[in-house]
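Contents: one structure, followed by commentary.
Chains as they are written, first to last, in our numbering: chain H, 1 to 114; chain U, 115 to 229.
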């Protein structure tokens with residue numbers, strides 16, 4: 001079945017450590033997105049990518065970095081500069097970047113601080 | 115500024131009764147409108163979308179949504195609620211134009227369906 005796979009499901013970060021969240025899709029989608037979800041808030045966009053080797057900052061990119069070396073993969077690194085990283089992180093993809101297409105989501109990674 | 119409001123943090127309904135989850139938006143132009151559902155520790159699942167045409171849109175699992183342009187609302191409805199419908203529901207809006215498929219999400223409404 002086609003879909004989006006996020007790993008790991010749970011992740012713990014130590015002080016001063018960078019951690020990387022994996023996102024892989026086999027939907028042949030061009031566009032991929034990373035969101036952060038906090039309780040009582042909607043999803044906030046961290047980064048998005050419309051095509052391989054290109055990505056753009058979203059609304060809350062500080063303390064995060066991404067890469068898009070392959071169409072299927074869009075890993076997110078939470079750096080030590082992100083002072084409040086505890087959240088649920090969701091990866092999404094859409095067929096293209098044209099407005100109107102639904103975004104499809106993975107099952108998320110929950111990141112906590114040790 | 116673009117925004118989406120879900121005025122109710124929580125909606126309680128008895129099984130078998132109709133349900134409504136409200137969404138209003140403030141977006142320039144004629145936006146594209148979406149509803150998603152999220153179960154605990156899972157990602158968001160697409161339920162339905164409105165692009166143009168008939169103001170009543172039908173989606174998955176018996177859900178439908180009514181678009182009202184004058185009230186800038188897109189309320190989610192279901193004629194008869196199930197206990198299994200209990201989940202977190204998000205409204206999302208994608209403004210027209212622009213160079214990518216940007217979504218603005220509401221803060222979510224928790225639906226509780228009691229047996």
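Glycine is no exception: its CB is placed at the ideal position from the N, C-alpha and C atoms.
These numbers were taken from a predicted model, which means no experiment stands behind them.
Legend entry - Exposure of residue 157 (chain U), with buried meaning 16 or more beta-carbon neighbours within 10 Å: buried
Inset, instruction - Compare the Cα-Cα distances from residue 95 (chain H) to each of H:103, H:88 and H:89 and report the closest residue. - result: H:103
Inset, instruction - With hydrogens ignored, establish whether the beta-carbon of residue 114 (chain H) is closer than 7 Å to any heavy atom of the ligand COA. - result: Judged by which ligands are present, the structure shown has none, so any question about the ligand COA falls away.
Legend entry - Simplified DSSP assignment, three categories, for residue 54 (chain H): strand
Inset, instruction - List in chain order: all unbroken beta strand (DSSP E) runs of 3+ residues lying wholly within the region 23-53 of chain H. - result: 31-37 and 43-51
Inset, instruction - Output, in sequence order along the chain, the residues in the region 156-184 of chain U whose CB is closer than 7 Å to any CB in chain H. - result: 156, 157, 158, 160, 163 and 165
Legend entry - Segment contact, 8 Å Cβ cut-off, at least three pairs: the region 180-188 of chain U with the region 14-33 of chain H: no
Inset, instruction - With a threshold of 16 other CB atoms inside 10 Å of the CB of residue 139 (chain U), please say whether the residue is buried or exposed. - result: buried
Legend entry - Residue burial classification, residue 12 (chain H) (beta-carbon count within 10 angstroms, cutoff 16): exposed
Legend entry - Boundaries (first-last residue) of the beta strand (DSSP E) holding residue 172 (chain U): 170-172
Inset, instruction - Can you grab the Cα-Cα spacing for the pair residue 129 (chain U) / residue 197 (chain U), in whole Å? - result: 6 Å
Inset, instruction - For residue 69 (chain H), I'd like the list of residues in its chain whose CB is within less than 8 Å of its CB, leaving aside the five on either flank, ordered along the chain. - result: 52 and 53
Inset, instruction - For residue 92 (chain H), count neighbouring Cβ atoms within 10 angstroms of its own Cβ and tell me buried if that reaches 16, exposed if not. - result: buried
Legend entry - As assigned by DSSP and simplified to three states, the class of residue 118 (chain U): strand
Legend entry - Cβ-based burial, residue 82 (chain H) [other Cβ within 10 Å; buried from 16]: buried
Legend entry - CB contact below 8 Å: residue 8 (chain H) versus chain U: no
Inset, instruction - Apply the 10 Å Cβ neighbour rule to residue 114 (chain H) and answer buried if 16 or more other Cβ atoms are within range, or exposed otherwise. - result: exposed
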